[in-house]
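As given, the protein sequences belong to chains D and H, one line each in that order. Counting along the first sequence from 1, when you hit position 129 you're at 129 in this note's numbering, and nothing is skipped either side. To convert a position in the second sequence, counted from 1, into this note's numbering, add 1000. Virtual Cβ for every residue (Gly too), placed ideally from N, Cα, C. Let me begin by presenting the structure, written as structure tokens, before commenting on it.
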Amino acid sequence: MQILHNTNFNFIRWRWHAIALSSIVIIAGIAKMATTGLPLGIDFSGGTLMVVKFEQEVREDTVRSPLSGIPGDKVIQPYGDPSERQWLIRLPQSGAAEQGANLEQGAQAVVRALQQSNVGKFEVINQELVGPVIGRDLQLKGIYATLASILGITAYIAFRFRFAFAIGAIAATLHDILVTLAFLTFFNYDLSLNVVAAILTITGYSVNDTIVIFDRVRENLRGMRRESLETIVNTSVNQTLGRTVITAGTTFLAVLSLFTFGGEVLRGFAFTMLVGIVSGTYSTVFIAAAIAIILSGKQARGRTAATAKTATGGRKAS
Amino acid sequence: MAKNLRWKLLIIVGVVALAVYAFYPPDERIRLGLDLKGGVHLVLRVQTEDAVLLETQTTADRLREQLRAEIPGATVTVVSSTEFRVENVPSDKDQTLRQLVADTETIFNRSSGAGGSYTLTMRPNIAMQLRDGAVTQALQTIERRVNELGVAEPIVARHSGADQILVQLPGVADVARAKEVIGKTALLELKLVEQGPFSDEAAARQAYSGNVPPDLQILPGTSEGAPGERPATVYYVVRRVPAVTGRELRNSRPTLDENGRPAVSFSLNSEGATRFGQFTQNNVGRNLAIVLDNRVFSAPRIEERINDEGRIHGNFTQQEAGDLSLVLRSGALPANLTYLEERTVGPSLGQESIRAGVMASIGGLLFVMLFILAYYKLAGVNAMVSIVVNLMILLGLMAYIGATMTLPGIAGFILTIGMGVDSNVLIFERIKEELQTAKGARQAVAAGFDRVFLTILDTHVASLIAAAFLFQFGTGPIRGFAMTLTIGLLSNVFTAVFVSRTLFELVLSRRQVAKLSI
């Protein structure tokens, strides 16, 4: 059995369409982020997050109303399976929290308020208090780590391949990060530490995909000297298509299992990975290769017409 | 079987055996992170400014005492945490003052101003040493306290910032108590009472007609009523310079007072005892304030010379008395601590996470295996073996280096499976291609592995670069993820290239294979 056997899709022809589609998604994402802001998780924004398990069945307003005396925008939502009767309560950073001792204030106020109300017995099973210092610290580190890893990978590709390829890979990686962030805002997932980890993993994954194709391009450059770069790239994408689809498909399904069964804590992480895998595969085929060709410009020019016909012929030479 | 094939198989079996030996039994050998086990994660900041201020204040206080006898009328005021000023020194006493401050000059720079005033400023390198020393000392003190609490496998370490300390206490559920024990300054001072108790601070000030001399201070305390009586806050006027401090403590343990209430007894080391003996002998009949963290716990009358024993009363519960003696034993913190971050994971949530994470991993693994088997047939078995070997090496190495398994770490396992599948797919697809060009099975396999080796190397190096930054950036759980991913990537190079190839060679050596089941 073999899927996608000896395919000859002309991916490169669609490069401008692909760039247009990606731009729409990214611009929409940026517009959403600009209006509603990037939803920062407690790791970065600071504040108080509690998961409370109630003994009795409760509704959102029965939890919310006792807490109305606590200032700030509260988030109150069910956590995990409804039968668990677990609720997530999140409070924003209070202004005075810089003084450390007040870090617990919000959490204590919540416990007091719930005790005085009629929600019945409850237990705080998880409590995270993050002060503003740590939040800022993590924000900086997150940005730094992402940029540094992109630079590191780019340097490696530039060293192993051509510079134009490195730019193609970087563009694809940035594309994936932006698309992932856009989807996170569309679906209202908070940017937490785990999500940043997922984004960095996707960076690696996307580059992984790109390298596999570039590697084949490098090999074909030796065997298909007469062909245009466009043809060679298109041939290489087709030659590795089986692998791309199988790997992306299996990884996607493995992460889907994480998304479905992995529990509430891993949901944001798994969602980010799912989006990233799709975006990473797409960007490898359409963005990385396209940009590498556009930047290599001269070699590719003037031979566009021959591309489709010679693509199959190129296979034998490899 | 060819000789070198036999060797390769032996190496594989050996590596697997070593790995299994390292992680068996897994529930003992694999260390679980806080998010899986439950526990407390705290980031504290040491207020290093306190330590610097303390040094300045102590020096100023000492000088003030000396000046009282030598140059009456001169005043000493602390201006900032690193600076104090001496004023109203008559010009004929200039020489005397210079002699008095001579021994502070290794720490303070002296500059003179008009009208017999002098400014003493702490040298910047000394201030830096003090700050750094405060963090180190706080770290050691917290370590001792945490160890005395009896927490298994605690982590107490410097955190990213210069003045931050990370404390992780797995399995601890009572956060309030843990914070109390860790964060208590626990500075014990024994000071002579000049006047008091007063019912409020204003009354105490009034006793000196609103002008309390700089060598005295007013401290709050708790009234010593009869048992059962509601204690009220009272104020004492005490000497600023203590007779002895907790630094001269030899031991401290919980005990009961004459009324059978919990109390804490302490004993002094020989140096402290000598000084304390002298002090109490000179002050028989006066009251001695037992001050803990600037609060007077009791102020008993000195009946006779006391050498090295003392007792602290307060309305303690049994546990409070135990905790107080614990923190006294472990020594005072050099500075106040503030909490920057606090995360508590209840053990039930941790178990829930493990269950979900493991279930998802097994689900993902099973699915991937089924697909690989269906798609690659016999070669799929080969891929499965190399993935399973990869996971074993991963577990073994994690147990060996004592890495912590976190929830994102479980996600790292799934990704490792993904990478393993990818490498095998890359190789198999390449072998299929090579087979099309009408080579024999053996050459196709060899060419497939050779051609793909560079690709696998490149992809793995790139992923390792990403993982390295993740590790460097990460706090707890994320570090676990980066760790798992890094080890997984390394062992995957071995399994995908070496193990998988050896298995192919094994199959090819058995019979004259014309067709590969791939």
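Residue i burial status per 10 Å Cβ neighbour count (16 or more: buried)
i                    : result
histidine 17/D       : exposed
aspartate 137/D      : buried
threonine 1406/H     : buried
lysine 1191/H        : buried
serine 94/D          : buried
tyrosine 79/D        : buried
arginine 1501/H      : buried
tyrosine 1021/H      : exposed
phenylalanine 1168/H : The sequence given here places glutamine at residue 1168/H; phenylalanine does not occur at that position. Classification of glutamine 1168/H: buried, given that the 10 Å Cβ count is 16 or more.
aspartate 1450/H     : exposed
tyrosine 1339/H      : buried
lysine 121/D         : exposed
isoleucine 1417/H    : buried
Assigned secondary structure, residue i (DSSP; H/G/I helix, E/B strand, else coil)
i                 : result
asparagine 1109/H : strand
arginine 1045/H   : strand
glycine 100/D     : Annotation note: pLDDT 47 at glycine 100/D (below 50); position unreliable, coordinate value reported separately. Correct three-state label for glycine 100/D: coil.
valine 119/D      : coil
glycine 1310/H    : strand
serine 1509/H     : helix
arginine 85/D     : coil
lysine 1191/H     : strand
glutamate 57/D    : coil
glutamine 1168/H  : strand
leucine 38/D      : coil
glycine 1246/H    : helix
proline 78/D      : strand
isoleucine 1487/H : helix
asparagine 126/D  : strand
glutamate 1180/H  : helix
tyrosine 1208/H   : coil
arginine 319/D    : Shown here, chain D extends from 1 to 318; a query on residue 319/D therefore has no answer.
valine 52/D       : strand
tyrosine 1024/H   : coil
threonine 240/D   : coil
glycine 29/D      : helix
Integer-rounded CB distance, given that residue j should sit under 8 Å from residue i
i                    : j                 : result
leucine 1219/H       : asparagine 1294/H : 6 Å
methionine 50/D      : asparagine 126/D  : 7 Å
phenylalanine 1316/H : proline 1262/H    : 4 Å
glycine 964/H        : glycine 1412/H    : Nothing can be reported for residue 964/H, as the shown portion of chain H is limited to 1001 through 1518.
serine 192/D         : glycine 135/D     : With a Cβ gap of about 12 Å, serine 192/D and glycine 135/D do not count as contacting.
leucine 88/D         : glycine 106/D     : About 14 Å; that fails the 8 Å criterion.
isoleucine 1312/H    : leucine 1337/H    : That pair is no contact at about 22 Å.
For residue i, the first and last residue of its enclosing alpha helix (DSSP H)
i                 : result
isoleucine 1410/H : 1407-1436
alanine 1383/H    : 1347-1401
leucine 1288/H    : Element bounds for leucine 1288/H: not the alpha helix (DSSP H) but the beta strand (DSSP E), 1288-1292.
methionine 273/D  : 267-283
leucine 1097/H    : 1094-1102
threonine 146/D   : 132-160
threonine 203/D   : 193-223
N-terminal and C-terminal residue of the beta strand (DSSP E) that residue i is part of
i                    : result
asparagine 1251/H    : 1249-1256
alanine 1263/H       : 1262-1268
alanine 1157/H       : 1155-1158
valine 1327/H        : Counting along the chain, valine 1327/H falls outside any beta strand (DSSP E), though it belongs to the alpha helix (DSSP H) covering 1318-1329.
glutamine 1217/H     : 1216-1222
threonine 1541/H     : Because chain H is modelled from 1001 through 1518, residue 1541/H falls outside the range shown and cannot be assessed.
phenylalanine 1084/H : 1083-1087
Task: Where the segment 258-273 of chain D meets chain H: residues whose CB sits under 9 Å from a CB there - done: Leu258, Phe259, Thr260, Phe261, Gly262, Gly263, Glu264, Val265, Leu266, Phe269, Ala270, Met273
- [ ] Quick one: which residues of the segment 1371-1397 of chain H get their C-beta closer than 9 Å to a C-beta of chain D? List them in chain order.
- [x] Phe1371, Ile1372, Ala1374, Tyr1375, Tyr1376, Lys1377
TODO: Please list the residues of the segment 1329-1357 of chain H that have a C-beta atom closer than 7 Å to any C-beta atom in chain D, keeping them in chain order.
DONE: Thr1338, Tyr1339, Leu1340, Glu1341, Glu1342, Arg1343, Thr1344, Val1345, Gly1346, Ser1348, Leu1349, Glu1352, Ser1353, Ala1356, Gly1357
Open item on the list: Any C-beta of chain D within less than 7 Å: which residues of the segment 1241-1260 of chain H qualify?
Closed with: none
TODO: Could you name the residues of the segment 1396-1421 of chain H whose beta carbon sits closer than 7 Å to any beta carbon of chain D, in the order they occur along the chain?
DONE: Leu1407, Pro1408, Ala1411, Ile1414, Leu1415, Ile1417, Gly1418, Val1421
Task: Contacting positions in the segment 149-161 of chain D - beta carbon closer than 8 Å to chain H - done: Ser149, Gly152, Ile153, Tyr156, Ile157, Arg160
- [ ] Mind checking the segment 222-243 of chain D against chain H and listing, in chain order, the residues whose C-beta falls within less than 8 Å of any C-beta there?
- [x] Gln239, Thr240, Gly242, Arg243
Open item on the list: Short of 8 Å Cβ to Cβ, which residues in the segment 1449-1469 of chain H face chain D?
Closed with: Arg1451, Leu1454, Thr1455, Asp1458, Thr1459, Val1461, Ala1462, Ser1463, Ile1465, Ala1466, Ala1467, Ala1468, Phe1469
Open item on the list: Which residues of the segment 1043-1077 of chain H have a Cβ closer than 9 Å to any Cβ of chain D? Give them in chain order.
Closed with: Val1043, Leu1044, Arg1045, Gln1047
- [ ] Quick one: which residues of the segment 118-130 of chain D get their C-beta closer than 9 Å to a C-beta of chain H? List them in chain order.
- [x] Glu123, Val124, Ile125, Asn126, Gln127, Glu128, Leu129, Val130
Open item on the list: Against chain H, which members of the segment 168-192 of chain D pass a CB distance test of less than 7 Å?
Closed with: none
- [ ] Residues of the segment 51-63 of chain D with a CB closer than 9 Å to any CB of chain H: list them in chain order, please.
- [x] Val51, Lys53
Task: Contact residues within the segment 198-216 of chain D, judged by C-beta distance below 7 Å to chain H - done: Leu200, Thr201, Thr203, Gly204, Val207, Asn208, Ile211, Val212, Asp215
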